[in-house]
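These notes are about the structure you will find just below.
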Amino acid sequence: MEMGVSVVICCHNSAKRLPPTLAHLAAQQDCDGIPWEVIVVDNASQDNTADVAISLWPQNAPAPLRVVREERLGLTYARMRGFNEARYEIVSFIDDDNWVYPDWIKLGWEIMTQNPDVGACGGQGEAVFETEPPWWFEQFKGSYGVGHQVANNIDSAQEALTLWGTGFKRKSAWLQLVENGFKPLLVGRQGNRLLSGEDIEISLALRLAGWKLLYDPRLKFKHFLPAYRLNWNYLRRLVRGFGISNVRLDPYRFALDGEPKTLRQKLERTWQWQVLSGLIQFRRFRKTITKLLLRQPTEGNYYVLQLERHIGRLFELLRLRGLYNRWVKEIQNAPWRGIAQQVIRIARR
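Counting from 1 along the sequence shown, just add 221 to a position and that's the residue number in this note's numbering.
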């Protein structure tokens with residue numbers, strides 16, 4: 222695999238959002254000697270995303286830009302296309318509303334080349350608001366991909382359990398997964414459908430394969446948040462989407478926990494147990510929220526969001542009745558588990 226950095230921007234009707242995103246990429250500094258490129262994946266856009274991307278990229282830019290089309294609508298499909306189109310080993314996924322710092326390419330290159338056992342790394346997002354943010358934003362900013370991705374020692378580089386989509390991934394690690402039968406269970410956001418979790422799924426799959434995930438606070442990007450996203454009802458829909466996606470992440474978390482050792486652990490990994498416990502939790506949350514709402518408004522209420530998450534999860538569990546137990550077994554016995562060492566040994570030579 223040729224060493225360098227392929228920046229992939231997955232876009233769906235992104236013509237209005239792309240200008241600052243591309244401008245920040247074109248302004249990268251101190252990356253002379255690092256081969257890199259920019260790939261705009263036009264994911265079934267119905268606007269002039271492709272034309273805007275080509276017209277905005279400066280002729281004297283430090284790297285070439287090209288546009289590829291992916292007709293299957295879904296962020297997972299767009300990212301898979303980006304992986305396949307990437308020329309270089311290090312792939313940086315950037316959302317169309319992310320503005321990376323001038324040292325993004327330089328730092329990502331250094332981190333990934335100096336740590337051959339790291340399959341992916343990420344940094345911290347900083348919010349940029351179109352309008353004044355609501356009073357509750359700081360409490361729930363993680364739902365918007367803003368802030369640190371670890372709980373402790375936030376100012377130092379360290380291993381992470383999962384990573385958001387914006388960051389760097391190793392193409393050889395992805396190819397190794399796919400060649401050994403990995404097929405994502407999540408498709409990510411589809412147009413206006415607020416589904417997510419595909420970045421978490423790849424993180425968990427990389428960990429199961431034996432790769433490390435790294436959080437480095439030096440990697441920084443700004444996340445532009447338009448006014449319509451700074452709305453309580455939007456956040457409720459977003460969190461319900463988290464609950465829906467969470468169901469398909471269960472098999473990975475179970476596999477990372479290892480083989481079940483007790484009867485209870487075995488039962489907890491079944492669809493029947495998850496539905497029953499979900500119904501019990503739903504009833505408890507509903508009672509708690511009913512009491513709280515008599516004393517305070519709905520907006521900004523943590524328990525309201527937790528109820529949304531549980532509703533999304535419960536509905537998705539009921540919808541996946543015939544698939545859940547099968548997926549748990551398939552991920553537990555996946556042939557791509559623990560296969561990273563071969564690629565890591567080659568990278569260290």
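For every residue, glycine included, the Cβ atom is placed at its ideal position computed from N, Cα and C.
- Per the coordinates, the alpha-carbon of L526 lies some 37 Å from the alpha-carbon of N305.
- Under the DSSP assignment, K443 falls in the beta strand (DSSP E) whose first and last residues are K433 to L446.
- Pairwise C-beta distances place the stretch 317–334 out of contact with the stretch 488–500, as fewer than three of them are shorter than 8 Å.
- Just measuring C-alpha positions, the residue of V259, W453 and G533 sitting nearest G464 is G533.
- Counting along the chain, L488 sits inside no beta strand (DSSP E); it lies in the alpha helix (DSSP H) bounded by residues L484 to E489.
- Taking the Cα of G254 as reference, the smallest distance to any Cα among R530, P241, I326 and T509 is reached at I326.
- Per DSSP, the unbroken alpha helix (DSSP H) holding E400 starts and ends at K392 to E400.
- Scanning Q250, A555 and K237 for the CA closest to the CA of G402 turns up A555.
- If you compare the alpha carbons of Y436, D324, A372 and W385 with that of A378, the shortest gap goes to Y436.
- Taking every protein chain shown into account, the CB of P285 has fewer than 16 other CB atoms within 10 angstroms, so this residue is exposed.
- For E310, the closest alpha carbon among the candidates R428, M222, L239 and D316 is that of M222.
- Here DSSP, grouped into helix, strand and coil, assigns S276 to helix.
- Of the candidates C252, V273, A244 and E258, V273 places its Cα closest to the Cα of H233.
- Apart from sequence neighbours up to five positions away, the residues of its chain that approach V349 with a beta-carbon distance below 8 Å are W320, K443, H444, F445 and L446, ordered along the chain.
- For Q267, the number of other beta carbons within 10 angstroms of its own is below 16, and it is reported as exposed.
- When C-alpha distances from L296 are compared across L382, G386 and Y545, the shortest belongs to G386.
- Here the stretch 285–294 lies against the stretch 246–264, with 3 or more beta-carbon pairs under 8 Å apart.
- For D471, the secondary structure class from DSSP, reduced to helix, strand or coil, is helix.
- With fewer than 16 other Cβ atoms from the protein chains shown falling within 10 Å of its own Cβ, G363 counts as exposed.
- Straight across, the Cα-Cα distance linking P279 with G499 is about 53 Å.
- Per DSSP, reduced to three states, the secondary structure at E380 is strand.
- Rounded to whole angstroms, R461 and E529 show a C-alpha spacing of 5 Å.
- Residue range Y523 to R540 is occupied by the alpha helix (DSSP H) that includes L526.
- With respect to I315, I421 sits apart: the two C-beta atoms are not nearer than 7 Å.
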